[in-house]
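Following: one structure in C-alpha cells, then a few remarks.
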Ligand SMILES: C[S@@+](CC[C@H](N)C(=O)[O-])C[C@H]1O[C@@H](n2cnc3c(N)ncnc32)[C@H](O)[C@@H]1O
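Residue numbers (UniProt numbering): 1 to 277.
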C-alpha cells in the first residue's frame, strides 16, 4: 500500500486524531512562534501601552478603500487618492513627530506616525464634506488631527467644517492644539454624554471612540440622535466588541456595515470601523 492510501485508510480509523496530531502541532507552533516574535520585538521597540498605532496590511488598506467607496458612493480610485493624501501629508507627520517628542508623556508614545484605520475616517470626511463632526474620545489627538486635516482640505475646496472633540481627560488632545489643525477643532473637556447634551449645532458626522463599554456607547448614540442633521453618518470605533451601532441602525431605519482592519507587523489583532447611514 502506498503512503497516500495508508493515510486515507488511517483517516477512517479511531487512530486518525493521533496520526494528525504532529501536523496540527507544527501548524499551531508556527503560528504562535510568529506571534511571539512580533510581540517580543514590539515590547522592545514600542513605548505604547494603549491605543496602539500601526500600519494596515496592503490587503486591509485596499479593503478599507472599498468599504469607504461603498458607504460614501464614491469611486474607489478617488477613495485611494484620499488615503494617499493623508498618508503623504508631511506637514502633519512632522508636527505629530515633533509634538510627540516634546510631550510630557513622550515615554508612553511612539514617534513614528501610523494612522491605522483613521485613514478611513479621513476619506469619509473628504467624501461627505461634513460641516460639523463630533468625535468622542480624543486621547493624544491623533484621530482629531486626521479629521482636522480632512476638514482643512475640504475648506480649501470651498466646503468648510469644524470638529468638536470630547474627552473626559483634561490632558487629552495635545496633538490637536497647534495651528492650522486647531483652527477647525473645538476641544471640550468633560463626560461625553453631558457634552453631547450641550451641543448647539447640528451634527453631520458622529464618531464614538470614548468609553468602550456597551452601556456608554449606547448612551452616546441615544444622546446624539436628536442632535443629528438630516442624512448624518454615525461611526463607531467599538465595532469589534459590541453590536450597539448595528442595533441602533436597525432601530432608526439606517443601513449598517463593519470593516475589520488587519495591522501589519503587530501582535494586536486590530479594531474596526462600524458605520450607520
Ligand atoms: C481610545 S481613546 C480615543 C482615541 C482617539 N479617538 C484616537 O483617534 O486616537 C479613548 C478616550 O476616551 C476618553 N474617555 C473615556 N471615557 C470618557 C467619557 N465618559 N467621556 C469622554 N471621554 C471619555 C479617554 O480619556 C480616552 O482619551
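Note that the Cβ used here is the ideal one computed from N, Cα and C, for glycine as well.
Item, Value
"Buried/exposed call for residue 43, threshold 16 Cβ in 10 Å", "exposed"
"Beta-carbon contacts of residue 77 that lie in its chain and below 8 Å, excluding the five residues immediately before and after", "none"
"Nearest candidate by alpha-carbon position, reference residue 82, set 233, 226, 65, 71", "65"
"Meets three-Cβ-pair contact criterion under 8 Å: the stretch 107 to 124 and the stretch 46 to 61", "yes"
"Distance between beta carbons of residue 203 and residue 221, contact taken as under 8 Å", "At roughly 12 Å, the Cβ-Cβ gap does not stay under 8 Å, so residue 221 and residue 203 are not in contact."
"Distance between beta carbons of residue 190 and residue 280, contact taken as under 8 Å", "The displayed coordinates of the chain run from 1 to 277. Any statement about residue 280 would go beyond what the structure contains."
"In DSSP terms, what residue 274 is bridged to", "236, 258"
"Complete beta strand (DSSP E) runs within the stretch 186 to 241 (minimum length 3 residues, chain order)", "203 to 208, 228 to 236"
"Bounding residues of the beta strand (DSSP E) (the contiguous stretch that carries residue 136)", "132 to 136"
"Integer-rounded CB distance, given that residue 175 should sit under 8 Å from residue 99", "5 Å"
"Of the residues 59, 239, 50, 70, the one placed nearest residue 105, counting alpha carbons only", "50"
"N-terminal and C-terminal residue of the alpha helix (DSSP H) that residue 113 is part of", "Segment: none, residue 113 is in no alpha helix (DSSP H) and carries neither H nor E."
"Residue 167, enclosing alpha helix (DSSP H) - first and last residue", "Taken as a continuous stretch (DSSP letters only), residue 167 belongs to no alpha helix (DSSP H), being part of the beta strand (DSSP E) at 162 to 167."
"Heavy atom of ligand 1 within 7 Å of residue 142 beta-carbon", "yes"
"Test item: CB-CB of residue 188 and residue 234 under 8 Å", "no"
"Any non-hydrogen atom of ligand 1 within 7 Å of residue 238 CB", "no"
"Counted within 10 angstroms of its Cβ, other Cβ atoms place residue 192 as buried (16 or more) or exposed", "buried"
"Selection from 246, 39, 226, 179 that minimises the alpha carbon distance to residue 91", "179"
"Residue environment, residue 157, which counts as buried when at least 16 other CB atoms sit within 10 Å", "exposed"
"Option in 89, 34, 124, 248 with minimal Cα separation from residue 218", "248"
"Cβ-heavy atom distance, residue 216 to ligand 1, below 7 Å", "yes"
"Residue 137 Cβ short of 7 Å to ligand 1 heavy atom set", "yes"
"Coarse secondary structure for residue 75, derived from DSSP in three states", "coil"
"Touching by the beta-carbon criterion (3+ pairs, under 8 Å), the stretch 195 to 212 and the stretch 226 to 240", "yes"
"Burial state of residue 135, where buried means 16 or more other Cβ atoms lie within 10 Å", "buried"
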